[in-house]
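Visitor: Protein chains in written order, with the UniProt record's numbering: chain A, 1 to 230; chain B, 1 to 230. Even for Gly, the Cβ is constructed at its ideal location relative to N, Cα and C. Predicted model, so just to flag it, every value in this text is computed and none were measured.
There are 2 protein chains.
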Amino acid sequence: MSIQIDALRDKRGLIRDFVYDTLKKNIMELRLEPGRSISEKELVEMLQVSRTPIREALVKLSQEELIETTPQKGSVISLIDLQHAEESRFLRKTLESAVVREACELLGKEQVLHLQNLVSLQELCVSEQNYGRLFELDEEFHKSIMIGCGRARTWGLIQQMATHDNRIRFLRLASDSNWQIILAQHRGIVSAIKEKDPDQAEKMLRDHLELVVIEKENLKQKYAKFFKSI
Amino acid sequence: MSIQIDALRDKRGLIRDFVYDTLKKNIMELRLEPGRSISEKELVEMLQVSRTPIREALVKLSQEELIETTPQKGSVISLIDLQHAEESRFLRKTLESAVVREACELLGKEQVLHLQNLVSLQELCVSEQNYGRLFELDEEFHKSIMIGCGRARTWGLIQQMATHDNRIRFLRLASDSNWQIILAQHRGIVSAIKEKDPDQAEKMLRDHLELVVIEKENLKQKYAKFFKSI
DNA sequence: ATACTCTAACTAGTATACAAGGATACTTAG
DNA sequence: CTAAGTATCCTTGTATACTAGTTAGAGTAT
């Protein structure tokens with residue numbers, strides 16, 4: 001890791017971003033476990049960088065509720081907050097439903113084609129059982145619809161808010177999602193957009209996002225220490 | 001201003017927040033004009049604080065797109081981005097519409113009473129022509145609905161995104177809003193919630209938020225240098 | 001006069017030094 | 001033996017020193 005850092009020292013201003021990205025990725029993928037305390041000193045030694053860029057990265061993370069810092073005490077990776085996660089699902093469902101209606105008007109042929117391509121790639125991944133890549137392509141699919149409608153910032157907000165929910169999703173990534181149904185829904189959404197049928201598009205999208213029923217209680221018991229108890 | 005800062009030196013950890021709040025307020029109320037460049041050194045002299053807390057405040061502001069920092073060059077108060085503003089209105093309309101439907105189920109008697117009180121206060125302000133306070137009460141009204149439904153974070157996101165749109169609203173604050181209509185709409189929303197009529201509540205809220213039709217072109221010509229030109 | 005080059009005075013990025021509050025373990029008084 | 005107090009070592013917050021790009025302007029050559 002320090003090797004990569006050394007390469008960044010040439011261009012000033014990249015270290016802070018690197019620290020931020022690294023920490024965020026590790027938090028999201030639960031290599032930095034919720035509840036784990038993490039000191040600046042530890043990061044200094046780990047990343048071979050001075051405290052300043054680390055502190056600035058921590059400020060950003062704390063603004064996104066990914067860590068919690070107490071003065072003179074230390075920082076802790078935020079526990080997963082089920083209420084936060086629920087609110088992020090609400091946010092996503094509400095906004096994407098509205099955008100997909102716009103998509104029926106706004107998306108052109110080539111964009112619809114792009115979506116179809118994504119679905120095809122997803123089918124390929126299913127047959128190859130490459131679920132990691134499939135996960136990415138799923139995100140890419142939803143993102144493309146939003147960006148195509150000029151809602152890049154909205155997508156950014158959804159992502160920002162999704163930090164707690166995504167960690168839950170990561171916990172159950174191993175478990176079997178029924179990808180066949182998901183792909184069928186993707187195809188349905190695309191064809192509704194193609195046919196410019198907003199009601200149908202919205203309905204399919206809502207079904208799609210609500211499919212992800214999570215056995216919260218199950219996970220919460222299994223990984224009790226990761227969850228905020230309130 | 002430095003007097004206040006001196007008082008903060010007792011409790012460590014408050015200076016950064018003070019710098020952040022101060023800058024944000026001044027940007028939002030256009031005392032720091034869009035396009036104005038602002039250096040850390042200038043802030044150091046203005047606030048009598050070292051660069052570190054200032055930098056950390058700037059990091060937060062830049063994450064919210066309120067300033068733009070170029071390495072080794074400087075920071076600039078972000079120009080008002082009309083596309084950003086439009087997207088924030090879309091965000092607000094979409095989310096508040098959804099929440100007000102929930103409100104019909106979730107809000108209890110005392111909460112509805114609180115809303116009615118707010119509207120009464122607003123009427124008082126109109127008769128006293130205290131438009132500054134009225135503006136605050138308007139925000140308070142919408143905020144109360146969201147918080148009451150457990151959507152505090154959603155409200156926070158709306159606020160975070162509203163930075164560009166709010167600056168536009170500030171530009172035209174002097175101009176005559178038709179507060180009578182606005183108050184009537186508030187009353188309508190409250191009674192729809194009280195009667196637990198989600199369709200009506202949503203309709204009234206949408207009308208309400210769409211009332212704020214801004215003569216963008218007008219403002220953009222008048223304050224051309226404040227706006228992003230793309 | 002104009003165009004070019006180099007320097008000096010900026011800027012922000014990074015590293016380090018110092019300050020102050022919190023936690024813990026050890027000492028000492030009861 | 002217990003409990004209070006204190007010393008020491010943590011933590012993060014703040015200030016400052018140092019580094020490296022950027023820019024604007026003075027001065028020179030054409």
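Let me check you understand the geometry: is the CB of E42/B closer than 8 Å to at least one non-hydrogen atom of the ligand ADP?
Guide: In the structure shown, the ligand ADP is absent, as is every other ligand, since no ligand is present at all.
Visitor: I need the straight-line Cα distance from R206/A to Q200/A, nearest angstrom please.
Guide: Rounded to whole angstroms, R206/A to Q200/A spans 10 Å at the Cα level.
Visitor: What did DSSP end up calling V119/A once you bin it into helix, strand or coil?
Guide: Helix.
Visitor: Determine the burial state of L157/B: buried for a count of at least 16 other Cβ atoms within 10 Å of its Cβ, exposed for fewer.
Guide: Classification of L157/B: buried, given that the 10 Å Cβ count is 16 or more.
Visitor: With a threshold of 6 Å on Cβ separation, who are the neighbours of L32/B within its own chain once the five nearest residues in sequence on each side are excluded?
Guide: Here the set comprises N26, I77.
Visitor: Between L66/A and K24/A, what straight-line distance do the alpha-carbon atoms span, to the nearest angstrom?
Guide: If you take the alpha carbons of L66/A and K24/A, they lie about 8 Å apart.
Visitor: Under 9 Å between C-beta atoms, does E202/A make it to chain B?
Guide: For E202/A, the answer is no, since every Cβ of chain B falls outside 9 Å of its Cβ.
Visitor: Restricting to Cα atoms, I'd like to know which of W155/A, C104/A, K41/A, S39/A is closest to E195/A.
Guide: Of W155/A, C104/A, K41/A, S39/A, the residue nearest in Cα terms is C104/A.
Visitor: Let me know the secondary structure DSSP gives I3/A once reduced to three states.
Guide: For I3/A, the predicted model reports a pLDDT of 43, less than 50, meaning its position is unreliable; a value from the coordinates is still stated below. Helix.
Visitor: In whole angstroms, what is the alpha-carbon distance linking E42/A and S50/A?
Guide: About 11 Å.
Visitor: In three-state terms, what does DSSP make of S37/A?
Guide: Note: S37/A maps to strand in three-state DSSP.
Visitor: Since V59/A and V59/B should fall inside the 8 Å C-beta cutoff, what is the C-beta to C-beta distance between them, to a whole number of angstroms?
Guide: At roughly 5 Å, the Cβ-Cβ gap stays under 8 Å, so V59/A and V59/B are in contact.
Visitor: Counting contacts by CB-CB distance shorter than 9 Å, is L30/A in contact with chain B?
Guide: Not one chain B Cβ lies under 9 Å of L30/A.
Visitor: What are the start and end residues of the beta strand (DSSP E) that includes S75/A?
Guide: S75/A -> beta strand (DSSP E) spans 74-77.
Visitor: Nearest to E217/A by CA position, among R172/A, S39/A, I189/A, is which residue?
Guide: Selected option, being the one with the closest Cα: R172/A.
Visitor: When you compare the CB positions of S75/A and S88/A, do they come within less than 9 Å of one another, or not?
Guide: Against a cut-off of 9 Å, the Cβ pair of S88/A and S75/A comes out as no contact.
Visitor: Under 8 Å between beta-carbons, which chain B residues line up against Q63/A? List them in chain order, please.
Guide: Those within 8 Å of Q63/A in chain B are K60, Q63.
Visitor: Using a Cβ cut-off of 9 Å (strictly closer), state whether A162/B contacts chain A.
Guide: False, the Cβ-Cβ gap to chain A never drops below 9 Å.
Visitor: Distance cutoff 9 Å, beta carbons only. Does G74/A sit that close to anything in chain B?
Guide: No - not a single Cβ of chain B is within 9 Å of the one on G74/A.
Visitor: Pull up the distance between the alpha-carbon of M146/A and that of Y131/B, whole angstroms please.
Guide: The straight-line gap from Cα to Cα measures roughly 37 Å.
Visitor: Secondary structure at E215/B, three-state DSSP: helix, strand or coil?
Guide: DSSP places E215/B in coil when its eight states are reduced to three.
Visitor: In or out: residue 253/A buried (at least 16 other Cβ within 10 Å) or exposed?
Guide: In the structure displayed, chain A extends from 1 to 230; residue 253/A sits before or after that span and is not available.
Visitor: Taking the C-alpha atoms as reference points, what is the distance between F141/B and V126/B?
Guide: Answer to the nearest angstrom: the Cα atoms are 15 Å apart.
Visitor: Give the DSSP-derived three-state secondary structure of E96/B in the structure shown.
Guide: Three-state result, E96/B: helix.
Visitor: Does the beta carbon of residue 252/A sit closer than 9 Å to a beta carbon anywhere in chain B?
Guide: Nothing about residue 252/A can be reported from this structure: the residues present for chain A run from 1 to 230 only.
Visitor: How about S144/B and L118/B: are their beta carbons less than 9 Å apart?
Guide: Yes; because the gap between Cβ atoms is below 9 Å, this pair is in contact.
Visitor: Is DSSP giving E68/A helix, strand or coil here?
Guide: If DSSP states are grouped into helix, strand and coil, E68/A belongs with the strands.
Visitor: Which chain B residues are close to E87/A, counting only those with a beta carbon under 7 Å from its beta carbon?
Guide: Ordered by position in chain B, the residues that pass the 7 Å Cβ test against E87/A are R151, R153, T154.
Visitor: Going by DSSP, which residues form a beta bridge with I80/A?
Guide: In DSSP, I80/A forms a bridge with F227/A.
Visitor: Would you mind reading off the limits of the alpha helix (DSSP H) that contains G188/A?
Guide: Counting along the chain, the alpha helix (DSSP H) containing G188/A begins and ends at 179-194.
Visitor: Give me the Cβ distance between L137/B and Q122/B, rounded to the nearest whole Å; I'm assuming they're in contact under 8 Å.
Guide: About 5 Å separates the two Cβ atoms, so the contact holds.
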